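Chemist: Taking my numbering, the leading residue of the sequence shown gets 1394, the next gets one more, and so forth.
Cβ coordinates follow ideal geometry from the N, Cα and C atoms, glycine included.
Keep in mind it's a predicted model, so treat the numbers as computed, not measured.
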Amino acid sequence: MNEDFLIPLNGLSAGKLSFQWHVGKEFFVSFGDSDIIDAQIVANVSVEKSGNYIGVNCALDGKLVVPCDRCLEDLDIPVSEMVRLSVKFGSEPSDPSVASMTEDEREVVYLSAEEASMDMAQIIYDYSMLAIPLQRVHEDGECNPEAIKYLTSDADLEKVVETSTQNSENNPFAALKGLFDN
1394 MNEDFLIPLN GLSAGKLSFQ WHVGKEFFVS FGDSDIIDAQ IVANVSVEKS
1444 GNYIGVNCAL DGKLVVPCDR CLEDLDIPVS EMVRLSVKFG SEPSDPSVAS
1494 MTEDEREVVY LSAEEASMDM AQIIYDYSML AIPLQRVHED GECNPEAIKY
1544 LTSDADLEKV VETSTQNSEN NPFAALKGLF DN
């Protein structure tokens, strides 16, 4: 459990409580993530308690720096996520359809009755990583030209064009290619 990202639930009084954490590269290294080159994320968390209800809102804003899949140069990925949680005490229901339900657009998190605090580290990590697209590449023309020139030579480019032309001649769906051009 990471003590820096704990929300104390024991003795939490009714009302709102706010936390702010700065998440850097060390945070992601502690999870064993080697893809993150740098991180500058601010997690603003507000906790609201009313009776037995505990709601947690976590806003993640900042950026992650990862290597570009195409040129391997640093690529800034903006992170702007809003996580809305509803905390329930007890064991998670065994019925998967009930366990995955949300409450008022909130993800339900189950904690054991003995839990004195809620660790937000895994939640911050998960939602930060979800902000990274599957293909992490610079916009067209922004990649390092020195790296790009090694990816394709003129001869390779000619082969790709020739192969795609041959494939379109043998492809039975080639006739449909211009269907929606008008």
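With respect to the alpha helix (DSSP H) encompassing residue 1405, which residues constitute its N-terminal and C-terminal limits?
Modeler: Taken as a continuous stretch (DSSP letters only), residue 1405 belongs to no alpha helix (DSSP H), as it is neither H nor E.
Chemist: Check whether the stretch 1459-1473 touches the stretch 1498-1510, taking contact to mean three or more Cβ pairs, one atom from each stretch, closer than 8 angstroms.
Modeler: Verdict: no, contact absent.
Chemist: For the candidate residues 1455, 1410, 1515, whose alpha-carbon lies nearest to that of residue 1449?
Modeler: Ranking 1455, 1410, 1515 by Cα distance to residue 1449 puts 1410 first.
Chemist: If contacts are defined as beta-carbon pairs under 8 angstroms, then residue 1523 and residue 1500 qualify, I think. What distance do you get, rounded to the angstrom?
Modeler: Between residue 1500 and residue 1523 the Cβ distance is about 12 angstroms, and since that is not below 8 angstroms, they are no contact.
Chemist: Does the separation of the CB atoms of residue 1521 and residue 1472 fall below 9 angstroms?
Modeler: Their beta carbons are under 9 angstroms apart, which means residue 1521 touches residue 1472 by this criterion.
Chemist: Considering only residues of the same chain and omitting the five flanking positions on each side of residue 1437, which have a CB-CB separation below 6 angstroms?
Modeler: Excluding sequence neighbours, residue 1437 sits near 1413, 1452.
Chemist: Of all the options 1515, 1446, 1420, which has the alpha carbon lying nearest to the alpha carbon of residue 1476?
Modeler: Ranking the options by Cα distance to residue 1476, first place goes to 1515.
Chemist: Between the alpha carbons of residue 1446 and residue 1462, how many angstroms are there, rounded?
Modeler: Cα to Cα, residue 1446 sits roughly 44 angstroms from residue 1462.
Chemist: So the candidates are 1542, 1536, 1512; which of them puts its Cα closest to the Cα of residue 1400?
Modeler: Among 1542, 1536, 1512, the Cα nearest to that of residue 1400 is on 1512.
Chemist: Counting only the same chain and skipping the five closest in sequence on each side, list residues whose C-beta sits under 8 angstroms from that of residue 1541.
Modeler: Answer for residue 1541: 1463, 1464, listed in chain order.
Chemist: According to the Cβ coordinates, are residue 1402 and residue 1510 closer than 9 angstroms?
Modeler: Contact flag set, yes.
Chemist: Rounded to the nearest angstrom, what separates residue 1427 and residue 1530 at their Cα positions?
Modeler: Spanning the two alpha carbons is a distance of roughly 17 angstroms.
Chemist: Any heavy atom of the ligand SAM closer than 8 angstroms to the CB of residue 1413?
Modeler: Of the ligands one can find in the structure shown there are none, so the ligand SAM has no counterpart to examine.
Chemist: Using a 10 Å radius around the Cβ and a threshold of 16 neighbouring Cβ atoms, would you call residue 1435 buried or exposed?
Modeler: Exposed, by the Cβ-count rule.
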